[in-house]
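Working notes for the structure below.
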Amino acid sequence: MVQYNEKVEQEGWWVASEGRNLWLPNGQLPYGKASDLGLNTEHAKQIGEYQGKPCWLIYHQQSTDMENVRRLLGADRQLFQLAGRGIQLAEFYRSHRWCGYCGAKMNRSEKEFACLCDQCGERYYPQIAPCIIIAIRKGRHILLAQHQRHKQPIFTVLAGFVEAGETLEECAHREVMEESGIKIKNLRYVASQPWPFPHSLMCAFTAEYDSGEIEIDPKELKSADWFDVSQLPKIPEIGTIARRLIEDTVVLCRQD
Ligand SMILES: [Zn+2]
């Protein structure tokens, strides 16, 4: 019970989750003592630190003001990442209550973020789905597409999930060919971003147009076209790696 009291009395950040949502009173990640915030810390688990203070994950938070972690996208990048980590872990524990091999009930590891089956000895880690995202340049133009999965009219770069037994580079070439019908060259890695919807890791690249005409895959895209970087349509919001890729490409185009 000592641990219980420690958590209650310690000031920190709280990712209080229920399903894929978290508690965001006034749109903010709550900070303070659990006792002051009225949080039940019995099963709280520390998942990191932010500004030198611990960040805890709590399951089964029942309250109003439950929201999607996307609400924090405009906040500090580190804070969004930490909240996203909490939501991904909460989902992992929620979906790994039973062993997939033998069907026995599982326990959460105390040492690491893992679930253990005492019956057959299997150990499960959070699933992370790598995804490539790529900005393609052709002179002063960038390839942007309207994706079928977006409800609002927004233009962004191409993206797709890595398949089993595929490198990131192979995935980039394949996805671009499948979705837009064009061949790319000079593929360069830029950066990555954990994307907790529900558990992707976005691996961002830039590339240059090599050959071919745009021919979209209508299952994935509504439209795709080359846009002059001085006349861009509505692009993704600040905080997304897609936005950063587009902005980087605009800078590259203007340097030439
Ligand atoms: Zn098992």
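The sequence shown runs 1 to 256 under UniProt numbering.
Where a beta carbon is used, it is the ideal one built from N, C-alpha and C, also for glycine.
Would residue i pass as a contact of residue j if the rule is Cβ separation under 9 angstroms?
i, j, result
"S211", "P130", "no"
"E91", "L24", "no"
"A114", "T206", "no"
"T156", "I235", "yes"
"C171", "I132", "yes"
"D256", "R140", "yes"
"L143", "F227", "yes"
"L39", "L72", "no"
To which residues of the same chain is residue i closer than 8 angstroms at the C-beta, ignoring the five residues directly before and after it?
i, result
"E11", "Y31, G32, K33 and K53"
"H96", "M106, C115 and Y124"
Only counting the same chain, and skipping five residues up and downstream in sequence, which positions put a Cβ closer than 6 angstroms to that of residue i?
i, result
"G74", "G239"
"N107", "L116"
Mind checking which residues open and close the beta strand (DSSP E) that includes residue i?
i, result
"H147", "H141 to H147"
"S211", "S200 to S211"
Could you check if residue i is buried or exposed, using at least 16 other CB atoms within 10 Å of its CB as the buried criterion?
i, result
"C102", "exposed"
"Y209", "buried"
"I128", "exposed"
"Y93", "buried"
"P196", "buried"
"R188", "exposed"
"T64", "exposed"
If you follow the alpha helix (DSSP H) that residue i is part of, which residue opens it and which one closes it?
i, result
"Q78", "R77 to S95"
"D36", "A34 to L37"
"residue 327", "As displayed, the chain neither begins before 1 nor continues past 256, which places residue 327 out of reach and without an answer."
Tell me which same chain residues have a C-beta within less than 7 angstroms of the C-beta of residue i, skipping the five on either side of it?
i, result
"L57", "V15, S17, A44, K45, I47, G86, L89 and A90"
"K151", "none"
"V2", "Low confidence applies here, because V2 scores a pLDDT of 40, under 50, leaving its location unreliable; read the following figure in that light. So the list is empty, once near-sequence residues are dropped."
How about residue i: is its C-beta nearer than 9 angstroms to some C-beta of chain C?
i, result
"L116", "No chain C appears in the structure shown, which is made up of a single protein chain."
Which residues are close to ligand 1, meaning CB closer than 6 angstroms to any heavy atom, in chain order?
Those residues are C99, Y101, C102, A104, C117, Q119, C120 and E122, given in chain order.
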